[in-house]
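Just so it is clear: in the sequence shown, position 255 is 255 by the UniProt record's numbering, and no numbers are missing.
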Amino acid sequence: MFENLSERLSGVFDRLTKQGALSEDDVKTALREVRVALLEADVSLPVAREFVKAVQDKATGQAVTKSITPGQQVVKIVHDELVHVLQGEGDPGKLKIDNAPAPILMVGLQGSGKTTTTAKLAKRLKDREGKRVLMASLDVNRPAAMEQLQILGVQIGVDTLPIVKGETPVQIARRAKTQASLGGYDVYMLDTAGRLHIDQELIQQAADVRDVVNPRETLLVVDGLTGQVAVEVAEEFDDKIGVSGVVLTRMDGDGRGGAALSMRAVTGKPIRFVGLGEKMDAIETFEPERIAGRILGMGDIVALVEKAQATIEAEQAERMMKRFAKGQFNMNDMREQLDQMLRMGGMEGVMGMLPGMGKMAKQVQEAGFDDSAIRHQIAMIQSMTKRERANPQILQASRKKRIAAGSGMEVSDLNKLLKMHRQMADMMKKMGKMGKGGMLKQAMK
Ligand code: GDP
């Protein structure tokens, strides 16, 4: 899947990954090629433009993590942006099927894989959720299509509505609805007629059926290999009938995967499933991470960057632990802890994360210790000299006055800070020792 795009990007990033530092020009050059690659993968021009711009904004000025190259960092940013664009809300695989019998309308062009997908989803609902499903084909112009669904039904052990010659699609839909209610089915799936091209009659037929059954889900099935055409089809169907999600088929082929990206960006409709073959199990929930990884073909680099970042954090934590165990917790360390608290969403955020801290969080709040208090404390630490920060015990009256004045605080505030520092130093010493004993280390693993 997505070979073209991934190969293209590999070429771009191979060059980048060999460079030591990344200038703004380098980023631009790389992203120009990303844009061309996206266009070649059939991503529409406005989507490609917007995508590249978003990446450019994020890449420029971003600190490069040590131990990976700037090129690898750019790959990660491109990857994250792909995921961001592809991501819908909620769980794409969760079909709305409450209030039995729940109608699901399947729409799309002929040959898109609509009938196959209907059966695949029915099987999935049966196997995974234990649902009783009834399928019905509304393709009155193509008896072969009706028979195809019946054959698939037998194959997967899902009931199909008996075929009655001479009925209109709306009549079949009504019969399916009645049968689903009487027969105690959880879901009934309506496989609407397809045409080779969108035409007024096709749309009208689907709209009439929609008005009769009021579907909980209207899934548009599109051939992932058709690229830009698929996007136009999606826009048209959504405009005229309203779809709740898209199923991209033939994603097992080596097609131009840009359809996924454009589809999402242009229609705003979530991609719910991808078809990955002709077999009845060859369907998967749409996973942006996975598709983005495949588009880039560089999942390993993304993992590497994540690991590098995590490793650096872990190394820092371990170094600190060692120092704390020796009772070395100075004002610089305190400053770092306070910064971290702010980053993690302030006092409330930190306390909220710790089990059993709810009560303490309240006390802390009542004592007036909030984010602005943290900022004041940081200001006081900033007013200290380097020596004072390293050895806060040298702080005598005159130094305290100077620091308080320098940070616009009172000496009493500074005393509170120093008291808190001593308490934290004590606590850190204990925690550091625990860390040595392995307890914290175990917990961190
Ligand atoms: P419909 O006309 O839209 O109902 O299309 P069909 O369901 O009859 O599918 C047309 C052809 O595409 C059949 O041969 C299917 O087996 C095949 N097909 C459907 N989905 C996929 C898929 O995800 N991957 C592949 N490789 N083939 C598929």
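All C-beta atoms in this analysis are idealised placements derived from N, C-alpha and C, irrespective of residue type, glycine included.
Computed from a prediction, not measured in an experiment: that's the story for all the values here.
- prompt: Are Met189 and Met280 touching if we call contact CB-CB under 8 angstroms?
  reply: Taking the sequence shown and counting its residues from 1, one reaches residue 189 at position 189. Taking the sequence shown and counting its residues from 1, one reaches residue 280 at position 280. No, the pair does not count as a contact, with Cβ atoms beyond the cut-off.
message: Using the Cβ count rule (16 or more neighbours within 10 Å means buried), how would you classify Val411?
response: Locating residue 411 in the sequence shown gives position 411, where the first residue counts as 1. With fewer than 16 other Cβ atoms within 10 Å, it is exposed.
- prompt: Should Gln204 be listed as close to the ligand GDP, given that the test is whether its C-beta is under 7 angstroms from any heavy atom?
  reply: Translated into positions along the sequence shown, residue 204 becomes position 204. Gln204 Cβ: outside cutoff for every heavy atom of the ligand GDP.
task: Would you mind giving the Cβ-Cβ distance between Met331 and Ile381, rounded to the nearest angstrom? I have them listed as a contact below 8 angstroms.
output: Here residue 331 refers to the residue found at position 331 of the sequence shown. Here residue 381 refers to the residue found at position 381 of the sequence shown. Met331 to Ile381, Cβ: 5 angstroms. Contact.
Within the region 124-165, ranges of the beta strand (DSSP E) (whole runs, at least 3 residues): 133-137
- prompt: Measuring from the CB of Gly153, is there a heavy atom of the ligand GDP at a distance below 7 angstroms?
  reply: In the sequence shown, counting from the first residue as 1, residue 153 sits at position 153. Checking the Cβ of Gly153 against the ligand GDP gives no.
task: Confirm the yes/no value for this check: CB of Val209, any heavy atom of the ligand GDP, distance under 7 angstroms.
output: By 1-based counting over the sequence shown, the position of residue 209 is 209. The answer is no for Val209.
field: Best match in Leu149, Ile104 and Gly93 for proximity to Gly113 [C-alpha to C-alpha]
entry: Taking the sequence shown and counting its residues from 1, one reaches residue 113 at position 113. Closest by alpha carbon: Leu149.
- prompt: What is the rounded straight-line gap between the Cα of Met427 and the Cα of Val83?
  reply: By 1-based counting over the sequence shown, the position of residue 427 is 427. By 1-based counting over the sequence shown, the position of residue 83 is 83. Distance between the alpha carbons of Met427 and Val83: 41 angstroms.
message: Measuring only the C-alpha atoms, how far is Val52 from Val34?
response: On the sequence shown, position 52 is the one that residue 52 refers to. On the sequence shown, position 34 is the one that residue 34 refers to. Using only the alpha carbons, I get a separation of about 7 angstroms.
task: Report buried or exposed for Gln396, applying the criterion of at least 16 other Cβ atoms within 10 angstroms of its Cβ.
output: In the sequence shown, counting from the first residue as 1, residue 396 sits at position 396. Exposed, because fewer than 16 other Cβ atoms sit within 10 Å of the Cβ of Gln396.
- prompt: From Val75 to Met334, what does the alpha carbon distance come to, in whole angstroms?
  reply: The residue labelled residue 75 in the question sits at position 75 within the sequence shown. The residue labelled residue 334 in the question sits at position 334 within the sequence shown. Their backbone Cα atoms lie some 35 angstroms apart in a straight line.
task: Take every Cβ of the region 124-138, pair it with every Cβ of the region 187-202, and state whether three or more of those distances are shorter than 8 angstroms.
output: In the pairwise beta carbon analysis, the region 124-138 is classified as touching the region 187-202: at least three pairs are separated by under 8 angstroms.
query: Taking the DSSP output, what are the residues bridged to Met106?
result: Residue numbering aside, residue 106 sits at position 106 when the sequence shown is read from its first letter. Met106 is bridged to Asp191 and Leu219.
field: beta-carbon Gln148 near the ligand GDP non-hydrogen atom, thresh 7 angstroms
entry: Counting from one through the sequence shown, the residue named residue 148 turns up at place 148. Yes, Cβ of Gln148 sits closer than 7 angstroms to a heavy atom of the ligand GDP.
Leu276 versus Ala259 - alpha carbon distance: Here residue 276 corresponds to residue number 276 of the sequence shown, with the count starting at 1. Here residue 259 corresponds to residue number 259 of the sequence shown, with the count starting at 1. Answer to the nearest angstrom: the Cα atoms are 15 angstroms apart.
field: Closer than 7 angstroms: Thr249 CB and nearest the ligand GDP heavy atom
entry: Taking the sequence shown and counting its residues from 1, the one referred to as residue 249 is at position 249. Yes; taking the cut-off as 7 angstroms, the Cβ of Thr249 has a heavy atom of the ligand GDP nearer than that.
- prompt: Quick check: the region 42-51 against the region 223-240, are there 3 or more CB pairs under 8 angstroms?
  reply: yes
field: Length of the line joining the Cα atoms of Val266 and Glu235
entry: The sequence position of residue 266 within the sequence shown is 266, counting from 1. The sequence position of residue 235 within the sequence shown is 235, counting from 1. Near 8 angstroms, if we compare the C-alpha coordinates of Glu235 and Val266.
Counterpart residues of Glu284 in DSSP-defined beta bridges: By 1-based counting over the sequence shown, the position of residue 284 is 284. DSSP, once it has assigned bridges, lists Val274 as partnering Glu284.
message: Less than 8 angstroms between C-beta atoms, sequence neighbours within five positions excluded: which residues of the same chain meet that for Arg210?
response: Taking the first residue of the sequence shown as 1, we reach residue 210 at position 210. Excluding sequence positions up to five before and after Arg210, its CB lies within less than 8 angstroms of the CB of Leu105, Thr218, Ile241 and Gly242, all in the same chain and listed in chain order.
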